[in-house]
Amino acid sequence: MKNFPPIFATLKAQLQTLGAWILRSKRNRRISSQILALIPTGLWLAIHSPISNGISFFSLIFTVPLAYFVFSMLYGAVLTTFKRTLIHTKRSANVSQLFKRLTEKNNLFIMVTLAIPMLLILSLLFIDLISLVAQVPPSTLYGGEYTFLTSIYFGAFAVLGFSVSAYVASVRHRSLRQSEKHLEYTQQKDRESEVDRRMLEGIKLLGDKNESVRLGGIYILWEIVKDAVKALPYLDSKYYNVYFHRYKDYPIVPYITSRPLPPAEIKGQRKLKELYFQTNPADLAQIKAYQKAFSLHEQVLSILCGHIRTLTNTEEYLLTYYPSIAKSRFPRAYAERYDDASRVIRQREEEPGNEIQILYRLLSKKEYSQEKTLVRALNFKMNLASSILKGAYSDHADLSYTNLRNVNFSYAQANYVTFDYSSCIDANFDHAALNITTFTMTDCTSASFKNAQITNTTFKYANCIRADFTQIFHKAYFYGTTMLHTRFSYDDFMNDRLEFLGVNGLPGCANSSSLEREAIIELIRDEETIYINPSNLEPLKEHAELYDKYIELLEKPRWRIPIVEAKQAHETLMRSGENQQPGETYSGHRSLEQIKTRDSLAVFHRMFKEKNRNYQAFYDSLNNKEKRLVTKMFSDFDLSKKREELGGEQRSSQSRQSS
Numbered sequence: 019m020k021n022f023p024p025i026f027a028t029l030k031a032q033l034q035t036l037g038a039w040i041l042r043s044k045r046n047r048r049i050s051s052q053i054l055a056l057i058p059t060g061l062w063l064a065i066h067s068p069i070s071n072g073i074s075f076f077s078l079i080f081t082v083p084l085a086y087f088v089f090s091m092l093y094g095a096v097l098t099t100f101k102r103t104l105i106h107t108k109r110s111a112n113v114s115q116l117f118k119r120l121t122e123k124n125n126l127f128i129m130v131t132l133a134i135p136m137l138l139i140l141s142l143l144f145i146d147l148i149s150l151v152a153q154v155p156p157s158t159l160y161g162g163e164y165t166f167l168t169s170i171y172f173g174a175f176a177v178l179g180f181s182v183s184a185y186v187a188s189v190r191h192r193s194l195r196q197s198e199k200h201l202e203y204t205q206q207k208d209r210e211s212e213v214d215r216r217m218l219e220g221i222k223l224l225g226d227k228n229e230s231v232r233l234g235g236i237y238i239l240w241e242i243v244k245d246a247v248k249a250l251p252y253l254d255s256k257y258y259n260v261y262f263h264r265y266k267d268y269p270i271v272p273y274i275t276s277r278p279l280p281p282a283e284i285k286g287q288r289k290l291k292e293l294y295f296q297t298n299p300a301d302l303a304q305i306k307a308y309q310k311a312f313s314l315h316e317q318v319l320s321i322l323c324g325h326i327r328t329l330t331n332t333e334e335y336l337l338t339y340y341p342s343i344a345k346s347r348f349p350r351a352y353a354e355r356y357d358d359a360s361r362v363i364r365q366r367e368e369e370p371g372n373e374i375q376i377l378y379r380l381l382s383k384k385e386y387s388q389e390k391t392l393v394r395a396l397n398f399k400m401n402l403a404s405s406i407l408k409g410a411y412s413d414h415a416d417l418s419y420t421n422l423r424n425v426n427f428s429y430a431q432a433n434y435v436t437f438d439y440s441s442c443i444d445a446n447f448d449h450a451a452l453n454i455t456t457f458t459m460t461d462c463t464s465a466s467f468k469n470a471q472i473t474n475t476t477f478k479y480a481n482c483i484r485a486d487f488t489q490i491f492h493k494a495y496f497y498g499t500t501m502l503h504t505r506f507s508y509d510d511f512m513n514d515r516l517e518f519l520g521v522n523g524l525p526g527c528a529n530s531s532s533l534e535r536e537a538i539i540e541l542i543r544d545e546e547t548i549y550i551n552p553s554n555l556e557p558l559k560e561h562a563e564l565y566d567k568y569i570e571l572l573e574k575p576r577w578r579i580p581i582v583e584a585k586q587a588h589e590t591l592m593r594s595g596e597n598q599q600p601g602e603t604y605s606g607h608r609s610l611e612q613i614k615t616r617d618s619l620a621v622f623h624r625m626f627k628e629k630n631r632n633y634q635a636f637y638d639s640l641n642n643k644e645k646r647l648v649t650k651m652f653s654d655f656d657l658s659k660k661r662e663e664l665g666g667e668q669r670s671s672q673s674r675q676s677s
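Below is the structure:
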């Protein structure tokens, strides 16, 4: 008997609701006592029928209001006493445990059920009492016939017997539930002890000298992390009504709702969402389970990230996998292992060992394309400071399509690494080595690159809104990059360490931006911040050298892109900044030229695919106006344009000769 049948569960819920409503306020108790007083008064009228018993109407006018008033006062006193007893039981520590259990919410419906027949019996007794006060003789009172009265008494005691049986069944059911809870608690403790044992075993294996043994320890610890899917049901895809909310520095708290939230409450409406969560709080048990699981998995993930940081900086590891770095850090050990003939080291071919590659793939890649990484779902901030990740994911150094949000890469070695299409929101690259690294279509919103060693690093169609690039080492290229309050140092800007082409992804337009109010670039010079807004150049005139440099950038040739990059440029124009506009994810005031450019990118990309990416067939399918626009925006059709012009000249010369 694990659960009540549906009809009894519904009856139990309704009785609990009724009992809570009756005892809630003084007004509810008064109304309830008046309704209950109608029961004995009606019974008294049925038994003392004036037609069969010959009772005068004058006697009824006197006795009926008196009976109703007495019963109302009696039931009101009973309900008030019961309410005060409940309050005293909850507040007092001297009350016996049996009495406390009787007054719990689970037992209230039993007490309400017992109260019904008891009230009926008491009502019959009061009927006799009032009849005696009215001096009605028994022969006249019941007309010498006691069958009706006996039936009422039998019915009352039958209800009482049923109530006692229901109470016994409830006690048995509750004891079974407590046994099940105790069994679940015991199993949970066993699972926790098993997790602790596995965790200690994995930590022990991580300290072994053999790489294969350490790999076994990594997988043991990772299996503990994967158990989060079982421990936290909101990670399951079938729970689609799950929303997350962060309170300051605490972990994200999941809210599983019974219905989907309106779009207005979950899309860019932080205040509305907070208000919803205040009025619809999450289940306390759900939050406790999440926080407990988060604490466990935070420990395991911290151990794995610490293993990356520690191992990639050891002498043996650097000598084996990164001789170029070991040469400067451990020159004596390097000289003992490598002779003079091996001094020429191909740094580009250096890559970490299998252990680091496998571990980093587990931490950063998605298990399923449609889901988050487990690390992101657990809201864990990876700390990879001072790690050496050069060449991660084989020779191509592939960290593309990776969730690297809030990851700490400070002082890390990430040369020759590809971060294409990755999420690097709020990532920390301070003092990191990012030489010959690409960030194509990467989301670097609010990322920090202060004092990073950036040499020939490309940010192509990247989202660099509110990113910080102050004091970079050598040179960075920004092609079609989305910028808004992006910070650079004044010296880097003036010394040509930054190259801008198509800021905010505007092929066919000059090197300007779409936003009319916000600063696109912030230049930091000592304590001064200079805001550059292409729509308002008056503040720049106060800095003559800077103004001349900016005008020089604007006078560069218009930026044209290959048509195969039209989709990337279109997505760049749809990005979000601030003050989100309906129907798009990019903010700010757009010029008509920008809107046309964005729409043209989408149209031309679709037409190019329809022509099976055949350049000449695509160009021939356009009208003259579209051809002029295509050659203005894309760099692939100069030859087609010249061929068409030469063909036109030949046709005109032939027509002149024929004429």
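In terms of my numbering, the sequence shown has 612 at position 594, counting the first letter as 1, and numbering is strictly consecutive.
The C-beta atom is built at its ideal place from N, Cα and C for all residues, glycine as well.
In this text the structure is predicted, and so the values were computed from the model without any measurement.
- Inter-residue distance for Pro-552 and Lys-567 is about 13 Å (C-alpha atoms, whole angstroms).
- Ranked by Cα distance from His-561, the first of Thr-436, Tyr-508, Ala-38, Ala-445 is Tyr-508.
- Relative to the Cα of Asp-226, the nearest Cα in the group Leu-201, Glu-373, Thr-338 belongs to Glu-373.
- Bounds of the beta strand (DSSP E) holding Ser-507 are 504-507.
- Within the same chain, and ignoring the five residues on either side of Arg-48 in sequence, the residues whose Cβ sits closer than 7 Å to its Cβ are Gly-94.
- Annotation for Phe-89: Ala-55, Pro-58 place their beta carbon closer than 6 Å to its own, counting only its chain and skipping 5 residues before and after.
- Cα atoms of Phe-506 and Asp-656: separation of roughly 36 Å, rounded to the nearest angstrom.
- In the three-state reduction of the DSSP assignment, Lys-559 falls in the helix class, which pools H, G and I.
- Using a Cβ-Cβ distance cut-off of 8 Å, the segment 440-450 and the segment 463-470 are in contact, since at least three pairs of beta carbons, one from each stretch, lie closer than that value.
- Excluding the 5 residues flanking it on each side, His-588 has same chain C-beta neighbours closer than 7 Å at Arg-616, Leu-619, Ala-620, His-623, in chain order.
- Exclusion of the five residues before and after Phe-636 leaves Met-625, Phe-626, Lys-629 as the residues of its chain whose Cβ lies within less than 7 Å of its Cβ.
- Exclusion of the five residues before and after Leu-558 leaves Ile-548, Ile-550, Leu-564, Tyr-565, Tyr-568 as the residues of its chain whose Cβ lies within less than 8 Å of its Cβ.
- The criterion of a C-beta distance shorter than 8 Å is not satisfied by Cys-482 and Thr-455.
- A Cβ-Cβ distance of about 20 Å is found for the pair Leu-502 and Ile-472, leaving them out of contact under the 8 Å criterion.
- Between the alpha carbons of Thr-330 and Leu-336 lies a gap of roughly 7 Å.
- For Asn-474, the enclosing beta strand (DSSP E) has its first and last residue at 473-478.
- Its chain contains Leu-452, Thr-455, Ala-494 as the residues whose beta carbon lies nearer than 6 Å to that of Thr-475, once the 5 sequence neighbours on both sides are disregarded; these appear in chain order.
- The beta carbon of Tyr-339 is closer than 6 Å to those of Pro-370, Gly-371 in its chain, skipping five residues each way along the sequence.
- Judged by DSSP in its simplified three-state form, Thr-35 adopts helix.
- In the structure shown, the three-state DSSP call for Ala-494 is strand.
- Nearest C-alpha to Leu-233 among Leu-380, Leu-417, Val-582: Leu-380.
- Thr-649 is positioned such that its CB atom lies no closer than 8 Å to that of Gly-498.
- Counting along the chain, Ile-542 sits inside the beta strand (DSSP E) bounded by residues 539-543.
- Secondary structure of Asn-372 (DSSP, three-state): helix.
- By alpha-carbon distance to Tyr-429, the top candidate from Asn-469, Phe-437, Arg-423 is Asn-469.
- The straight-line gap separating the alpha-carbon atoms of Asp-208 and Leu-201 is approximately 11 Å.
- No residue range can be given for Thr-500, since it is assigned to no alpha helix (DSSP H) and is classified by DSSP as neither H nor E.
- Assigned with DSSP and collapsed to three states, Tyr-237 falls in helix.
- Boundaries of the beta strand (DSSP E) harbouring Ile-550: 546-550, taken from the DSSP string.
- Judged by DSSP secondary structure, Leu-519 falls within the beta strand (DSSP E) whose first and last residues are 516-519.
- Asn-632 is classed as exposed because its beta carbon has fewer than 16 other beta carbons within 10 Å across all chains shown.
- Beta-bridge analysis with DSSP links Asn-481 to Asp-461, Thr-500.
- Spatial neighbours of Thr-504 in its own chain (CB-CB distance under 6 Å, excluding positions within 5 residues in sequence) are listed in chain order as Cys-482, Ala-485, Ile-539.
- In the DSSP assignment, Val-648 falls within the alpha helix (DSSP H) that extends over 642-651.
- Excluding its 5 nearest sequence neighbours in each direction, Phe-348 has C-beta neighbours in its own chain below 8 Å: Glu-333, Leu-336, Leu-337, listed in chain order.
- About 6 Å separates the Cβ atoms of Leu-322 and Leu-377, confirming a contact at the 8 Å cut-off.
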